[in-house]
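Offset between the sequence shown (1-based) and our numbering: plus 64.
Just so it is clear, CB atoms sit at the ideal spot from N, CA and C, and this is done for glycine as well.
Everything numeric in this text was worked out from a predicted model, so none of it was measured.
Reading through the structure tokens given below for one structure.
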Amino acid sequence: MGVEKTAAGTAASGVPAARGAAGAEDLAVLPGEDPWTPEEVAEARAELTGEVDRLRAEIESSAQAVAGLLRDGADSGGDEADTGAKNISREYELALAANTRDTLQQAEHALRRLDEGTYGLCEVCGNPIGKARMQAFPRATLCLDDKQRQERR
Numbered sequence: 065m066g067v068e069k070t071a072a073g074t075a076a077s078g079v080p081a082a083r084g085a086a087g088a089e090d091l092a093v094l095p096g097e098d099p100w101t102p103e104e105v106a107e108a109r110a111e112l113t114g115e116v117d118r119l120r121a122e123i124e125s126s127a128q129a130v131a132g133l134l135r136d137g138a139d140s141g142g143d144e145a146d147t148g149a150k151n152i153s154r155e156y157e158l159a160l161a162a163n164t165r166d167t168l169q170q171a172e173h174a175l176r177r178l179d180e181g182t183y184g185l186c187e188v189c190g191n192p193i194g195k196a197r198m199q200a201f202p203r204a205t206l207c208l209d210d211k212q213r214q215e216r217r
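What follows is the structure, given as structure tokens:
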């Protein structure tokens with residue numbers, strides 16, 4: 065059985081310092097969970113990498129859509145309803161792009177944490193998040209307790 069990580073040996077922030085490329089045996093699990101296997105780590109990495117690629121393509125597509133809306137807005141005559149509809153479409157595309165950029169940053173952050181060996185450790189308390197939670201939501205950075213605290217604010 066692999067080594068279970070705990071909060072011991074963590075930095076002041078609660079998250080261990082980077083140690084270079086991490087192996088499956090270096091990733092945190094909750095007591096009673098099976099350790100990460102190399103196949104599970106490869107699956108998590110592939111899912112995150114695929115998400116990063118998909119999100120980058122969405123951002124590019126959104127940027128092109130916004131550019132088109134801006135170009136069309138400059139060409140509009142004086143129809144206020146048409147201008148209003150275009151403004152709403154542009155604002156929607158901008159909000160969608162911002163959300164996609166946030167999700168992209170989360171996915172890239174998860175990949176870095178995977179490389180550093182801090183994947184699966186809560187960024188607030190340093191305790192294991194749980195392998196099952198990480199498999200269900202690979203971008204998770206908080207344990208359930210800290211996530212619930214955050215949501216109550």
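Check: Does the beta-carbon distance from residue 196 to residue 112 come in below 7 Å?
Finding: no
Next item on the list: Look up residue 94 in the DSSP assignment and give the residues it is bridged to.
Entry: Looking at the DSSP assignment, residue 94 forms no beta bridge with any residue, so it has no partner.
Margin query: Is residue 116 a contact residue of the ligand COA, with contact defined as CB to any heavy atom under 6 Å?
Written below: The ligand COA is absent from the structure shown, which contains no ligand whatsoever.
Next item on the list: Could you spell out where the alpha helix (DSSP H) holding residue 183 opens and where it closes?
Entry: Per DSSP, residue 183 belongs to no alpha helix (DSSP H) and is neither H nor E.
Next item on the list: Check whether the Cβ atoms of residue 181 and residue 193 sit closer than 7 Å, and answer yes or no.
Entry: no
Notebook entry, point to check: By Cβ distance below 8 Å, which residues in the same chain neighbour residue 134 in space, the five residues on each side in sequence not counted?
Noted result: 154
Check: What residue range is occupied by the uninterrupted alpha helix (DSSP H) comprising residue 213?
Finding: 208 to 216
Item checked: Helix, strand or coil at residue 192 according to DSSP, with G and I counted as helix -> strand
Next item on the list: Just the C-alpha distance for residue 166 and residue 216, rounded to the nearest angstrom, thanks.
Entry: 21 Å
Next item on the list: Under the assumption that residue 175 contacts residue 116 (Cβ atoms under 8 Å), give the Cβ distance between them as a whole number of angstroms.
Entry: 7 Å
Notebook entry, point to check: If we count the other Cβ atoms within 10 Å of its Cβ and call it buried at 16 or more, is residue 202 buried or exposed?
Noted result: buried
Next item on the list: Closer than 7 Å by C-beta to residue 129: which residues in its own chain qualify, once you throw out the five before and the five after it? Chain order, please.
Entry: 157
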